[in-house]
Structure formats: C-alpha cells, structure tokens
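There are 2 protein chains.
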Amino acid sequence: MKQRIHFNEVVTRDGFQMEPEFVPTDSKVALINALSQCGYAKIEVTSFTSVKAIPMLRDAEEVMGRIERVPGVEYTVLVPNLRGAERAMESRPDEFNLVMSTSETHNLANLRMPREHSFAALRDVVARYAQQVPINVSLSACFGCPMEGDVPQAEVLRWAQRFADLGVRGLTICDTTGMAHPEQVARMCDVLQARFAHLQLTLHFHNTRGMGLANVLAAAQSGIDRFDGSLGGLGGCPYAPGASGNISSEDAIHMLDAMGYDTGIDLARLLPIARELPAIVGHTVPGQVAQSGMITDLHPAPPSVAELKKEFQ
Amino acid sequence: MKQRIHFNEVVTRDGFQMEPEFVPTDSKVALINALSQCGYAKIEVTSFTSVKAIPMLRDAEEVMGRIERVPGVEYTVLVPNLRGAERAMESRPDEFNLVMSTSETHNLANLRMPREHSFAALRDVVARYAQQVPINVSLSACFGCPMEGDVPQAEVLRWAQRFADLGVRGLTICDTTGMAHPEQVARMCDVLQARFAHLQLTLHFHNTRGMGLANVLAAAQSGIDRFDGSLGGLGGCPYAPGASGNISSEDAIHMLDAMGYDTGIDLARLLPIARELPAIVGHTVPGQVAQSGMITDLHPAPPSVAELKKEFQ
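Protein sequences appear in the order of chains A and B. 1 is the number of the first residue of the first sequence in the numbering used here; add one for each residue after it. 1 is the number of the first residue of the second sequence in the numbering used here; add one for each residue after it.
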C-alpha cells in the first residue's frame, strides 16, 4: 500500500512573490477559490512580511479576508516575525509558516540577518502563538546553498531539532535552488522520518536542474507524504537566474497519480486552472502537463491511418 | 557499487529530424566531432531513410564520411529497410539501428505500414547484415501510444522476443511520447533484464510530461545501464504538440553524475556544446543544466552579505 500524499499549493505566495507585475487582488482570490475545489491539503495563501520587501503580497489581509474557505483545506500564511504574526493572526490562518535558511550566507542574502537572529525571532513567534495556531517551519537551502555550496545533512538536522524542541507541528525541508539529487533526498528523508516521526514532514523541491520530479519520486519512495508544489512551476530564486523554479504541482501530482498514489487532487479540475496561469502572470510557465495533457489524454490518429488500414486489409 | 552508465547521444538524428530549418552539414559534422570528445559510448549520427521523408538528414553519407571517429565511441545510424541498409553500409557504421512501433496505429501513422510489414522489412535487414554489423532495434511507444493508449507490457515483450530470436545485439525500449511513469518503468526494466540478460538493453525517455529524469532514475535503480539522450532535450513527436521532447542528455548525465554513477561523460566539456545548440537550431531548447549550471557551479554572494557580516560581527 502506498501512503496517501498531501499537497500544499504555494503558487500565490512562493510562486507570485518574485513576479514583476502585480497580480490584482481579485485574481489572487479567484485563483485560491478555484484551487480550494481541487483537493489540496493546504494552500499557502500569502505572506505577512513587510509590504516594502514584497509589494506583490501587500494585499495579504484583503486576500485572507475574501477567500472562501473550504472545509478540509488548511490556509497557511508566511510569517517572518512577531510583528507579522500579529497582523497574520487577525486573518485567522490555519497555520503559520516560518522561514529561515540552514545556510548562513543564504540567510544573510535573503533575510538580511544571521541565522541566530532569525532563529531568535521565530522562537519568539512560536513562544507567543503555538498555543493558538499550528506552526510549520520551512528550512531553506537544505540540499545545498547556491553561494556556499554543500550544506551538511548534520547542519539541517541541527536546525530541525532546534525547532522540533520548540514544539512546532511540522518542518518543510526545502531545496530552494534545485541542488538536490535523488540519492541525497533519499538519505535525508530516511533520517528525517527516523528522527522526527512525530512531526508533519514536507519536502519542497525546485526543478532548476530538471531533477524536481526525480526528487519527488525519491522522497515518496522513502515514505514522505507531504509535498509543496507551485502551479505551473511558477516561482524561483534570484540566485539561480534563467532557470525554472518550483516544481510544478500539476506535473508532480500527475506523476504520483499515474503511479497509483492517492493525492486527493482532481487533476481534471486543476489542469484548466493551470492553463489560465500564463494569462494571470503575463508569460509562459514551465509546467508541462498543462501543455501536453495527461497520459490518459489521447490524440486522434491522422486520416492517413484509416486509409492505410484499408489499403493493407 | 553502481553500474557504469553508457550514454547514446541522439541529437543529430532524433533531435534534428523534426527541426524546420536545415542544419548545414558543416554544423552537423562539427557538433558530432565535439560530442565525440565528451565520453559518449555511442552517437546516433544520422538516418538512411528516404531523403524525401526526412530532408534534414539528406546529407547522411557526407556526414558519415566527414566526421572524425574517436576510438571507443560507436557511430550508429538509423536504417529503415534493405535499401537504406545498402546505402548505410558504405559509410561503415558501427551499428545499425532499426525502428518500428509496438503500437499498430503508431506504426501506421509514422512508418505508413502495419507492424508485420515493418517486422518483415527489418527481418530482411538483420538476415542480410547481422554478420557484418551489430544490430540494435528501437521499439517505439513501449509505454503507451498517444493514439491507442495503453500498450500492454506483454505486447512489448512479444516484439522484443521476435527480434531477440533473430539475433540482434541490442534493444532500445522507447517512451516515444513521454507517457511512461516511474513505476511502469521499474516493472518493464525488471522483466526486460530477466528475459533479455544477454542483450544490450537501452532505455529511451521523453520529458513530455516532466517525468523524464524520474524515469531515468527508476530505470537506473532497476539496473539499466544504457540510455538514449538528446542534447538540450531537442526533438519530440508530432503527436504531442507543444510539449518538450527527448530527455536532455546533459540533464540526465548531470543527475546520474551527482548521484555517483560513472557515466564516462565530461560534463564540463559537454555543457558549452549544449549552450551552442540554440544558435545551431535557431531557438531555445528545453535542457536546464546548460542554463542553470551544475549543482557545483556556485554564485557569488551579493555585496550586501559582506556588509551584513560586518554589521553583525
């Protein structure tokens, strides 16, 4: 028996975050409402970071206030610190997602502070809010840092342990710039599951070097049952220019589905939404199944086939 | 210990075949000569099909005559029938690659004859030439037909057995339109290796639905040690429009390399060649590692990191 797989859709947060053109609030709300009907376990709706840092998500309160929440779907939000947590709490999220990097350089480049400062800020959020809302921590650069290179597995486990000790509900282990390979993933997932069996463990992959779905496969084979994905494969990292970003949710779901995993997702409903994404962001997106169709979508034979069949009867 | 992996580069045949603009003979020869220095086990140079059917490869004789052959690299050519075989033989290839489909509809659409006719034509080639040159048979649509749908594994094995009985050296099992998923691949590879242990078994994947490298992973995990790949991911199938085609050689090699497989390929030499491909064909290509760099290619930290390090000292 294969484990049931739970998907967390991050397109409106991680996917939109770096887009140059503001996506109107109406479009965000409509997109999340459509995604809510597809069977996701979780949707990362937005971020309560400073409006100046990420202007794309300046409408966090309004989006959270306007979406129609579907029972069974968790609506999570990114929270950077206590101030963000206060703002976030008012919009009644189902989860806080806290983020820091396991690489010192990556944390400095992205969050503009040393890891210890990030940890202290996030520890305050956990201390203040863990009784009110489940907390997940996303650890970046767990399979390598684009500037430092290797990030030892022991270092990832060290940060994971520190948050586990604070009593968080879940950990997301992120391959932020697509540096993971399947063997590294299998090793990491085995150790994580042995050590943090009591936590929700999510894997977050990027397809920067084409290995995204191979890494999903390796993680699923190892028993992991929670994945982040971004519709259309939208979103990336500024430190890996010219490359594709997050794994495409629909491509990953399509693969797992074909392999007989129960993802709970209605692909026939999800693919038309993915096909609207280029119009929302104003450019093509890397996801492939929305273009090629599912493996069960057949093409008509060219007319020559019928003629040839007669000819060779 | 992991098996040594052998790569067959198909870009100048399978990759170029459907390109709308003729690639000059000089460019083809220069590309093959460059690829010959990278450590490939085999290069599929061209095809001796009718010039009318595939005008792109009308210079088959000239290309085969002009390339510099590197010891240790096999130069194979596609041969459709006895007439093609006669032409091909004069250019002293190291292997004939014969092709037919395991799907009747796909064979009619692509080769304009029933499978039995294709088999008879290819059987004649084997009978006439097997003593002079090693023969490989590529079976198309082994993981599904874009028009018929499922192609049962038993059907693939039946055609494989018929060619094995003729005494061919190798079989290439092709996922011609990217319909395979990793579990199907693992099952197929296990059975193939049990039944045809005496043959060279090659797997040929497409990345049409993003599963290309996941399928490579599944096949390698099952023990398969030969793969086709196309530089840049060039090439596709007319029955899966708008989708990416063959797996990118360099992306697959990069993944296997990172996992500790010995592919024999010098990626540092191969990637610059992949980066020239868009100029040769006049458009971008899907391969990702040529754009993003290898996982060992690091990026400089932004200047802010040094400032922040000082600030937080």
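Glycine is no exception: its CB is placed at the ideal position from the N, C-alpha and C atoms. All of these numbers come straight from a predicted model, not from anything done at the bench.
Who pairs with B:M100 in a beta bridge, going by DSSP? B:L139
Would you check if the distance between the CB atom of A:G15 and the CB atom of A:L234 is smaller than 8 Å? yes
Report yes or no: is there a C-beta of chain A within less than 8 Å of the C-beta of B:A277? Checking the sequence shown, residue 277 of chain B turns out to be Leu, not Ala. No, because no Cβ of chain A sits closer than 8 Å to the Cβ of B:L277.
Report the residue ranges of all alpha helix (DSSP H) runs contained in full by the stretch 81–136 of chain B; include only those spanning at least 4 residues, in chain order. 82–89, 104–111, 115–129
Look at the Cβ atom of A:T102, then the Cβ atom of A:S47, and state whether they are nearer than 8 Å. no
Consult DSSP for B:V156 and reduce its assignment to one of helix, strand or coil. helix
Helix, strand or coil: which one does DSSP assign to B:I32? helix
Using DSSP's beta-bridge definition, name the partner residues of A:Q17. According to DSSP, which records beta bridges pairwise, A:Q17 is partnered with nothing at all.
Test item: CB-CB of B:M147 and A:P303 under 8 Å: no
Helix, strand or coil, according to DSSP, for A:G65 in the structure here? helix
Any contact between the stretch 283–298 of chain B and the stretch 206–217 of chain A? By contact I mean 3 or more CB pairs, one from each, below 8 Å. Yes: the two stretches touch, three or more of their Cβ pairs being nearer than 8 Å.
Can you round the beta-carbon distance between B:F163 and B:L171 to whole angstroms, since I take them to be within the 8 Å contact cut? 6 Å
For chain B, find out if any of its Cβ atoms is closer than 8 Å to the Cβ of A:L217; answer yes or no. yes
Is it a yes or a no for the stretch 268–282 of chain B touching the stretch 44–62 of chain B, going by three-plus beta-carbon pairs under 8 Å? no
Can you tell me the Cα-Cα spacing of B:S36 and B:Q200, whole angstroms? 21 Å
Which residue from A:R123, A:G167, A:E155 puts its Cα closest to that of A:A85? A:R123
Counting pairs of Cβ atoms below 8 Å between the stretch 86–94 of chain A and the stretch 110–118 of chain A, do you hit three or more? As far as the Cβ criterion goes, the stretch 86–94 of chain A does not touch the stretch 110–118 of chain A, which means the pair count is below three.
Please return the same chain residues whose Cβ sits closer than 7 Å to the Cβ of B:R58, not counting the five positions on each side in sequence. Correct list, in chain order: V51.
Less than 7 Å between C-beta atoms, sequence neighbours within five positions excluded: which residues of the same chain meet that for A:W367? The question about residue 367 of chain A has no answer here: the residues shown for chain A are numbered 1 through 313.
With a threshold of 16 other CB atoms inside 10 Å of the CB of B:Q221, please say whether the residue is buried or exposed. buried
Per-residue contacts from B:K310 into chain A (C-beta, under 7 Å): Within chain A, no residue comes near B:K310; the closest Cβ sits about 11 Å away, beyond 7 Å.
Does the beta carbon of A:Q288 sit closer than 8 Å to a beta carbon anywhere in chain B? yes
Looking at B:N136: is its Cβ nearer than 8 Å to the Cβ of B:V185? no
Status (buried if at least 16 other CB within 10 Å, exposed otherwise) for B:D315: The first residue shown for chain B is 1 and the last is 313, placing residue 315 of chain B beyond what the model contains.
Residues bridged to A:N246 by DSSP? A:H206
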